[in-house]
Amino acid sequence: MVSITNAHNDLIHDAVLDYYGKRLATCSSDKTIKIFEVEGENHKLIDTLVGHEGPVWRVDWAHPKFGTILASCSYDGKVIIWKEENGKWSQIATHAVHSASVNSVQWAPHEYGVMLLAASSDGKVSIIEFKETGTSTPIVIDAHAIGVNSACWAPVSYQDVESDSSKPTKELRRFVTGGADNLVKIWKYDNDTQLYVLEDTLNGHSDWVRDVSWSPSVLLRSYIASVSQDRTCVIWSQENNKGPWKKTEVQQDKFPDVLWRASWSLSGNILALSGGDNKVTLWKENLTGNWEPAGEVQQ
Amino acid sequence: MSIRQADDPYQSSTFGKSLTLKVDGGFNAISINPSARDVVLASRQGLYIIDLDDPFSPPRWLHHETPWQVADVQWSPHPAKPYWIVSTSNQKAIIWNLTRSSSNAIEYALHGHTRAITDINFNPQQPDILATCSVDTYVHAWDLRSPKRPFYSTSPWRSSASQVKWNFKDSNILASSHDNDVFIWDLRNGSTPLSKLEGHQSSVNSIDFNRTRGSEIMSSSNDGTVKFWNYQSGGSTESTRTVRTDFPIWRGRYLPFGNGYCVMPMVGGENSVYMMSLEQSNDDAGETKSNNSSSNSTKLQPIYTFKGHSDRVIDFLWRSRHSYDTMVDDREFELVTWSKDCSLRLWSMSDILYDKVNFERNKRLEEKLPNYEYMTYNREVHDTMNSDDNEYKRIKETFVTTSGLKNMNNIDHLNWLSGVRMNDQHTPDDLFEQPKLHNLGEEVSAIGHKFPKVVFEKISVSTGEILLTLNGPWSENNPDEYIFLRIEINVPAHYPHRGNPPMFNIEENGNLTDATKQEILTQLNEIGKVYTDEDLYCLEQCLHYLLGEKVNMDLNDNINEPLFFLDVANSVNFDEFSSMSESIESVESTESSMDSGNNVFTNTFDESPETRNTFGRNLAFDSTPVPNECGAIWTPSGKLLCFFSTENKPDRKQKHFLKLTRDNLMIKDEPKQETRVLYDDDQIEYQNTTNNRPKRYVDTFSANDSKSRTTDVTSDRDSTSDDSFGSFVDDWNDIVGNDIVVRTRIPTLLGNFAKSFGSVHSESVKTGDSSRTAKNIIITKEFYSLFQEDKRLALEYEIMNEHPDEMARHNALVAEKYGYEEISHCWQILSDLLLAEREQSFTSFIWNNNPLGIRWFIKEAIKHFEKENNIQMLAMLCCVAANLYISKMNPVDIYNVQESYESLVTFELDDEHDPWRNEVYSQFSVGNTIQSQNDSFIKSKLLYPHDNYSIRSDEMVNNALQTPTARIANNRPPMPPKRNSNIGLQTPTLHRGKAAQVNIELIEDDVLESFKNPVGNIPDSADIKKCQLYIYQYAKLLFKWGLPYKRVELLKVSIQAITEHFHEESFDLEDLNRVNNNTIEIRWVSTYDDDKTVGNCNYCNLKIKGSMYVCGGCQHVLHTDCANEWWAIGNECPSGCGCHCPDQYNLSS
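Residue numbers (full-length UniProt numbering), protein chains in the order written: chain A, 1 to 299; chain B, 1 to 1149.
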């Protein structure tokens, strides 16, 4: 078990392992990002990335086929793209279209290319596509009036998996956002107009939505978990990528404290929730469609 | 600033100001009320009447759906009929009477044209006369006293009419434009044109008579010129002047004042309206005319350009006002433009412009200007108020947005409000610009969008009345319960200036106790007062409060930074101290885990107080949430990565006191300072508990701020404390494990504190050091038991085997080994079924009798595992299906033929059966053209021992493979090409008697069943796609588990099956390509110790470690180096499979 203590001088806000599970990136209120090499029980600090002017909220590794690339977002309103080449980390791009804290950043599924989704407290989300030519074209969408707290891509999926197979399948590119207007919104890429359009608005929380997470599983049902300041976690599910979203609360009673983060396991079965009580709880759907606790971590 | 209505144009709040109105809905035509108060916009959905003096009130909507765009709308220019509007509705012209209710406002419909009307014009002198022109080439003049048919009609026959205009001076004369020409007609002259003006190179879009000189007319055309004519000049067709522009002109009109004109482009021209003077250029023209008659053509020389629209301007018009009954020309003008960018703008005019067009203000007039009653038709009129009485009483606004109340206009008031911008020449397109509020309307629209759950039942900006409903956490019993509130807000006229706070009133409500209600009202009034004292808008803050959120009452925080906390701190003395400490104790007991660890955060943040305002943002608007201090993220390999803020999390209260002790230690040299610091810590605590855990990041550090500020004070007062701080920390490190310092300190504190410290100080010693550097920890946990998918299973599972039953049995054992009972059972059943099918054992007829057996089972199993989300099993089941399929379809390709297919028929047959065998074969080839039948047939008999009579399977297969197309071609005609196995089914029964002894027909039956659906166990083609997805997903998982070789194997199986399937059904290969691409696009860059995970290089035959290449076609793997070496010389895959791998993908990628 890897256990790293006091990696940062301040609170850690995110820690992400890369695709191969070899490198760990952590970010903190101390405005730095640290990269660790993880090998079994051992870990080694490789580099400390300094560049943000505010606390760094989230980091995300790009798919390895694009190189060793990390994206980070911060309270300073910037998204910085870092790249390692020959063992040296450098900033390769800074993305500053937001006028307030950028609260989440996530790379799109690698099938879409080098594309980044960022959510900001200025009420907007931006999608930045880094083209081969080295240019990037941000698309900025007004998503939630008061602020967007989290945004998450859907896994690559196709419209109408069930239907007549003679028709060519249509790629369905979507993402979900959660905001300070207590709403969860689903956005869809319209292939014809090349714009992102609002597909659905999910109203189920009575306070700020802190995190949204789209299950990476591409089974027939799509799952989105949204956690909120109102101490609830809602699982939204949709059949066959169409029709209405069904709301299921993870548990009837409220959680003991606000919830901060939701994370799905790779196969999409287990949901890990973490919140203000400094505790991580795991949840699993049973065959009747209810969610039952599957474990707990408390250091 | 406030907007108030005026009954006098000189009290208008908008005249002379710039204004932008956003009106969505595809409005194509605009006109203005002669009193210049209302404008009308027309679209296919009807008319909007907008009161320019109260732009915040929503428009009145006259609903009228037409399939065609409204070509023109005009407000009657006559004081006698100020309530008439005429608009086009395809071939009809509709006269609206605005004194009627909106549902009944159509007074006349003029129907005389056979095709769409293009233009309408009221006669400027006679109120009841108007002219229309149409695509049907006709120009009609109508008298509304007998609206049945036009009283005058004319037509130039050839081309459709685009515009019609009455002469301002002679009410018998009108002009119409047809294609490139303009015709002047006289009502008394029948349909012979008075004059025909020819000269434009392209169609004329706009004509306009001069207002003062009756014989002058201007025309604007697509050819980019404006021509001025004097038609009485002896029927001359020569234009007197031509002005060239570099854009096609959509509209060109004389100014209603002075001597000038305006043109606007159809496209290009920077979406502007250009104003030109005729005075000056007349002189020019006069000069040049004398020299050269052809040079009466000049370039456009605008004296002013109204620029700002982002799309083309659809129309422009003039808004004017003058004093009542005046004999002096004191008219003032304002340009109104309506653009395709859906915005209506008012442009004020300057005196310089009046001068430039030689408009003499305050000139004596020969006759009075017409007087118009300055009133609006924007308000809805109820039917009960008959148009008989000419009093248009103001109706109380009943506008409603989203509440259940009946909404008359169906226009979202909030959206409407948000489209109104006053005094704002440039709409804030800038992303970074913090929109500034200019008036109540903008404030309401801003908050309306910010609080989607607040329902505005009524908004009346002009009277300052707002009625809204919301749900707020005001229940006394349960803080989580929300109570419905209806709140009435009365905003005084001078809001938000000092002393003009809004008045609040909360409707009686059973759920709301009087006390709470009073408290809310007091608070709201307090907020209102505090904000308006600073001339700030306060409604947003009030709503924040009503929704139970924190309101920043410390306005100074944003304006300047007075020593607010210092003052408070100074006012605290030792007398209050004991009560203070009590409150800490009570906090200690009440503070539960409910409270998020804000203390921790604020405490740790005090090292970087400069974060505040670093980015120049208004912190009141900063909605960044409180950061998380712990979290859990699943890693790709299935471990859970958790991070927490502290290692051995002490109780919160302990941490809190810990903080206290530390602070006290820091300044132990100066006991007086303690009070302040202690107070501040208490202050934080106080805020946290009362505000019920803040949501916003800034809230946490505004609390923190107070702290840092006072510590600054500390250092100011005591210059040595800064120096001593560093050494203190060092000392502290030394002292860890030794609590003497703490103990020696305690006596300096007051009793209450001493007690509470006593209980925690040992703890504080342990973590004292770490609290300075915010202890955090990252750990990974494994939860493999939770997962349906198991890497160990993946490692040992067989994916490919020519005998699916063996594979299933093997997998069953693997699953059992790792304790997956259910999965093991599933594999076992599968294995039995497969075995039964393979052996064609006569004893397992039960299953064979139910041909759906295995198919049914796989389908059910897939359903089950879909429910369980077990991607591993789903993919494996798909693999089994694929394996079955492949083994039936194409055995030669994948497996070693020699062993498996030694003989075809294995019964101990007599010679006499030979003919039968041949017959069977031929029947098959005839009965079903799909090659697979043969293979299945082969497969079903695999296990029987070789005999002399059998046909070599190789031959047969080769036959089948070599000539399938030929056979298809030959055999198709006699019978339907597919799904014809019932024919085949009949034929064997002919032999039933003969072959009964060996039960051949039963075998046949089973085989034929599989012919029916050659895919066998993949139920239908839709499932293929599903299977593909599952396999693809599992392949991803395998890759992340570090099992690339397994993954390749898996993909090989799926691709083979899918390829076959696609070949057969001539399927769209796009999906396949996707899968293929995915197999090659990932470069393996990491190494694994596990030997089992990696295969051998096909070139050097050594184990592959490090980076390798996987061919997208044949899935053979090579070392990177080997690949480079081989492909330098070779052109075929080194494995000998015949694949041209470089064609499959780019090696350099």
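No residue lacks a Cβ here, since even glycine has one placed at the ideal position from N, Cα and C.
In this structure, the alpha-carbon of P79/B lies about 16 Å from that of N121/B. Ranked by Cα distance from T288/A, the first of Q1028/B, D51/B, G268/B and N869/B is N869/B. Between the alpha carbons of L255/B and D143/B lies a distance of about 28 Å. In the structure shown, the three-state DSSP call for Q106/A is strand.
The count of Cβ pairs closer than 8 Å, one atom from the segment 60-70 of chain A and one from the segment 107-117 of chain A, reaches three, so the stretches are in contact.
Within the segment 102-125 of chain A, those residues whose Cβ lies closer than 7 Å to any Cβ of chain B are, in chain order, N103 and S121. Residue environment: L335/B is assigned as buried (16 or more neighbouring CB atoms within 10 Å of its CB, all protein chains considered). Sequence-distant partners of N1131/B (beyond 5 residues in either direction) whose C-beta falls short of 7 Å from its own C-beta, in its chain, are H1140.
Using a Cβ-Cβ cut-off of 8 Å, K284/A is close to L786 of chain B, given in chain order. Under the DSSP assignment, E816/B falls in the alpha helix (DSSP H) whose first and last residues are P804 to K817.
Assignment of F306/B by DSSP, reduced to helix, strand and coil, places it in the strand class. DSSP places T193/A outside both helix and strand once states are collapsed to three, so it counts as coil. At least one beta carbon of chain B lies nearer than 8 Å to the beta carbon of Q299/A.
Assigned with DSSP and collapsed to three states, D38/B falls in strand.
Residues of chain A with a Cβ closer than 7 Å to the Cβ of F644/B are, in chain order, N278 and Q299. No Cβ of chain B is located within less than 8 Å of the beta carbon of G67/A. Note that the segment 25-36 of chain A touches the segment 1-16 of chain A; at least 3 beta-carbon pairs, one per stretch, sit closer than 8 Å. Per DSSP, the continuous beta strand (DSSP E) segment holding C133/B begins and ends at I129 to S134. The contact set of Q229/A on chain B, defined by CB atoms closer than 7 Å, consists of K695 in chain order.
At a Cβ-Cβ threshold of 8 Å, A96/A and K124/A do not count as neighbours. For K517/B, the uninterrupted alpha helix (DSSP H) run begins and ends at D514 to D533, by DSSP.
Its chain contains H144, T201, L202, N203, H205 and V209 as the residues whose beta carbon lies nearer than 8 Å to that of L183/A, once the 5 sequence neighbours on both sides are disregarded; these appear in chain order. Between T14/B and L52/B, the CB-CB gap stays under 8 Å. Taken in chain order, the whole beta strand (DSSP E) runs of length 3 or more contained in the segment 122-146 of chain A are 124-130 and 136-142. In this structure, R37/B is the residue among G638/B, R37/B and N123/B with its C-alpha nearest to the C-alpha of Y377/B. Using beta-carbon distances, V16/A counts as an interface residue toward chain B, with a partner under 8 Å. Of all alpha-carbon atoms in N149/A, C152/A and E171/A, the one lying nearest the alpha-carbon of Y158/A is that of E171/A. Check the Cα spacing between D122/A and each of D181/A, I128/A and S226/A: the tightest is with D181/A. With respect to the 8 Å criterion, P625/B and Y545/B are not classified as neighbours on the basis of their beta carbons.
For V455/B, the closest alpha carbon among the candidates E1125/B, Y1034/B, R486/B and Y482/B is that of R486/B.
In the structure shown, K453/B adopts coil according to DSSP, grouped into three states. In this structure, the straight-line span from the alpha carbon of L174/B to that of S203/B is close to 19 Å.
When DSSP states are grouped into helix, strand and coil, F783/B belongs to the coil group. M873/B sits in a helix when the DSSP states are folded into three classes. Against chain B, a Cβ distance below 8 Å from P244/A picks out nothing, because the smallest value is about 20 Å. In this structure, S99/A is the residue among E85/A, C233/A, N86/A and S99/A with its C-alpha nearest to the C-alpha of D76/A.
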